[in-house]
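Have a look at the structure below, then the notes.
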Amino acid sequence: QVQLQQWGAGLLKTSETLSLTCAVYGGSFGGYFFTWVRQPPGKGLEWIGGINHSGRTNYHPSLKSRITVSFDTIKNHFSLKLTSVTAADTAVYYCALVGPTRFYFDNWGRGTLVTVSS
Amino acid sequence: QSVLTQPPSVSGAPGQRVAISCTGSNSNIGTGYDVHWYKQLPGTAPKVLIYNNDNRPPGVPDRFSASKSGTSASLAITGLQAEDEADYYCQSYDSSLNHWVFGGGTKLAVL
């Protein structure tokens with residue numbers, strides 16, 4: 034049974050860097066895409082970026098200059114960094130997996146609320 | 043403004059049938075990418091309800107069904123129950139944007 038456990042700082046000030054990590058357990062993950070999805074309070078879901086096991090990344094165009102997703106193959110962790118945050122980045126951030134040959138998110142972390150204040 | 047368009051809300055009485063539409067374009071649903079549906083309860087992560095247009099994961103009741111046609115898709119829920127009250131999202135992939143896209147979400151109220 035695949036499980037995702039995520040953690041990271043939940044309160045940031047404007048211009049700081051958001052940093053979250055997601056540990057993946059319960060299988061072998063070659064062929065998977067490891068992604069991050071966020072949800073501002075009271076709003077919908079937005080895919081923001083991800084990485085595959087080979088290190089190929091894909092980022093939402095609106096965040097491309099600020100986002101980095103990386104993968105630690107030894108620890109089976111993947112991480113999100115988002116620089117220069119503003120109040121608009123306040124959201125619940127979910128890590129989620131896209132399985133091989135699939136185009137949907139079939140496993141999700143519990144989410145981390147990140148609040149950016151001035 | 044979401045790439046996939048859903049009605050903000052739908053409602054129905056227990057036992058009734060409701061449908062939620064998801065309208066895309068020729069760069070996502072219309073070009074052949076599958077549509078997937080998620081159910082999200084308050085304070086929890088989304089869960090896959092329907093994948094690849096019309097497939098239910100184990101444990102999802104057959105009261106939930108979905109279809110896709112042209113640039114749109116639809117989720118139908120029959121025999122509405124109180125526990126169906128949730129937010130529902132459609133999702134696909136967009137070849138112009140080169141990334142996954144979601145609908146804006148639909149809040150289902152069971153009256």
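Quick note, the sequences are listed as chains H and S, same order. Heads up: the first sequence begins at 34 in my numbering, then just goes up one per residue. Heads up: the second sequence begins at 43 in my numbering, then just goes up one per residue. Idealized CB from N, CA, C, for every residue including glycine.
Give me the Cα-Cα distance between S/SER137 and H/LEU51, rounded to the nearest whole angstrom. Between S/SER137 and H/LEU51, the alpha-carbon positions lie close to 29 Å from each other.
Residue-chain proximity (S/PHE106, chain H), Cβ-Cβ < 9 Å: S/PHE106 does not count as touching chain H.
Measure the alpha-carbon distance for H/LYS108 versus H/VAL102 and round it to whole angstroms. Answer to the nearest angstrom: the Cα atoms are 15 Å apart.
So if I threshold CB-CB distances at 7 Å, which residues from the region 99 to 124 of chain H count as touching chain S? Residues passing the 7 Å Cβ filter: none.
Does the CB of H/LYS46 have a neighbour CB from chain S at under 9 Å? Not an interface residue.
According to a CB-to-CB cut-off of less than 7 Å, which residues of the region 122 to 133 of chain S neighbour chain H? Near chain H, meaning a CB-to-CB distance below 7 Å, the residues of the region 122 to 133 of chain S are TYR131 and GLN133.
Between the region 96 to 110 of chain S and the region 36 to 44 of chain H, do three or more beta carbon pairs fall short of 8 Å? Of all C-beta pairs linking the region 96 to 110 of chain S to the region 36 to 44 of chain H, fewer than three are shorter than 8 Å, placing the two stretches out of contact.
Starting from the C-beta of S/THR148, find all residues in its chain whose C-beta is less than 8 Å away, skip the five residues before and the five after it, and write them out in chain order. The answer, listed in chain order, is GLN48, PRO49, PRO50, SER51, VAL52, ILE62, ASP129, TYR130 and TYR131.
Kindly indicate which residue of H/CYS55, H/PHE138, H/ALA56 and H/LYS46 has the alpha-carbon position closest to the one of H/ALA120. With respect to the C-alpha of H/ALA120, the residue from H/CYS55, H/PHE138, H/ALA56 and H/LYS46 having the closest C-alpha is H/LYS46.
Please identify the residue among S/HIS78, S/PRO56 and S/GLN58 whose C-alpha is closest to the C-alpha of S/SER114. Ranking S/HIS78, S/PRO56 and S/GLN58 by Cα distance to S/SER114 puts S/HIS78 first.
Element boundaries [beta strand (DSSP E), containing H/LEU45]: Residues 44 to 46.
Taking S/LEU139 as the reference, which of S/ALA55, S/ASN68, S/GLY54 and S/PRO56 has the closest Cα? The alpha carbon of S/LEU139 has as its nearest neighbour, out of S/ALA55, S/ASN68, S/GLY54 and S/PRO56, the alpha carbon of S/ASN68.
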